[in-house]
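Residue numbers (my numbering): 65 to 389.
Cβ atoms here follow ideal geometry from the backbone N, Cα and C, with glycine treated the same way.
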């Protein structure tokens, strides 16, 4: 994948305007439609007591029971391949749903074994979560190359584990609108964002009544300008959806509107794996944010002392007189 710069007047803005070009088929920008499968496991991960609350779990069960079939039908009608990030334990509960996703030509990627935040686990537990979930998805026939943490969060060993297990990409960080290569690992990051995730807008839980339900009109008014902005920069639109949330009839109509709009706007729409495969040696690179701030600025950013500046001018003048002598 070749990278170019759009013209601008600000060097920093020019750097942000570094775009992926050309996208396949000479499309203007890229997009991926992704689903965090999140059936019963997301509710149990949020509160282990929910394992004994059938009413709570039924919210997650709507996804594989109703949402996924309707989503697969919608994607097939528009000839779009999507990526489904699936927890191992949810795959064990709903193997036929996973098989139907694979049969539709979609990518299945890793979303933990349970829906546990890696930062709450011991190193041994995190390793077990990764490999146990991987084994279940592979047993169902998936070729798994991508990982999305249940919490979009890492530990200091997560990238090492992903590289060790042969993963190609991570889709967890929120620091860019372009895919990039890690400087420290043989992995690609395909960034996400809360603004283009359905959960902040639609999620509701009756245990607190603090999570409000927004209309599809309101969410479209948030999503569309963001999509248009990313498109204008030639970046990558990452939609993060959940079958139990966006598999509701009214939201499926909204998703269809988004897909049609992406195509009309000139988007290349591919799975996250296909997006990761586009990157090469010319692609942007990045590292994880530093836990501790540096104690000083790099030397090349430090101002030159006034005395040195004056000395430099004097030396230049002296050199000129010496050469004329």
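Taking the alpha-carbon of residue i as reference, which of the options has the nearest alpha-carbon?
i	options	result
residue 88	246, 340, 103, 304	340
residue 218	178, 183, 196	183
residue 171	361, 262, 202, 268	202
residue 132	209, 149, 206, 179	149
residue 95	108, 328, 181, 268	328
residue 208	147, 236, 254, 154	147
residue 326	313, 315, 362, 287	287
residue 331	294, 342, 313	294
residue 297	264, 366, 240	240
residue 98	263, 112, 366	263
May I have the straight-line CA-CA distance separating residue i from residue j, to the nearest angstrom?
i	j	result
residue 303	residue 284	12 Å
residue 165	residue 124	17 Å
residue 354	residue 360	14 Å
residue 141	residue 256	26 Å
residue 196	residue 363	47 Å
residue 91	residue 323	15 Å
residue 134	residue 261	19 Å
residue 266	residue 191	32 Å
residue 173	residue 194	12 Å
residue 145	residue 206	15 Å
residue 236	residue 187	19 Å
residue 238	residue 111	26 Å
In chain order, what residues of the same chain have a beta carbon less than 8 Å from the beta carbon of residue i, not counting five sequence neighbours either side?
i	result
residue 351	246, 247, 248
residue 251	223, 226, 227, 231, 232, 233, 234, 245
residue 199	152
Tell me which residues share the same chain as residue i and place their Cβ nearer than 6 Å to its Cβ, disregarding the 5 neighbours each side in the sequence.
i	result
residue 102	306
residue 291	301
residue 151	105, 175, 176, 179
residue 168	136
residue 268	275, 277
residue 154	101, 103, 105
residue 259	290
Within 10 angstroms of its Cβ, does residue i collect 16 or more other Cβ (buried), or is it exposed?
i	result
residue 100	buried
residue 356	exposed
residue 213	buried
residue 281	exposed
residue 243	buried
residue 277	exposed
residue 27	Absent from the model: residue 27. The displayed extent of the chain is 65 to 389, so no value can be given.
With a threshold of 7 Å, establish whether the CB of residue i neighbours any heavy atom of the ligand ZN.
i	result
residue 219	Although the ligand ZN was asked about, the structure shown includes no ligands whatsoever.
Return no unless some Cβ of chain D is closer than 8 Å to the Cβ of residue i.
i	result
residue 289	The displayed structure is made up of one protein chain only, and chain D is not part of it.
By Cβ distance below 7 Å, which residues in the same chain neighbour residue i in space, the five residues on each side in sequence not counted?
i	result
residue 138	316, 319, 320
* Decide if the segment 340–350 is in contact with the segment 154–173; the criterion is three or more beta carbon pairs, one per stretch, under 8 Å apart. => no
* Could you say if the segment 126–135 and the segment 297–316 meet the contact criterion of at least three C-beta pairs nearer than 8 Å? => yes
* Count the C-beta pairs between the segment 330–340 and the segment 288–303 that are closer than 8 Å, then say yes if the count reaches three, no if not. => yes
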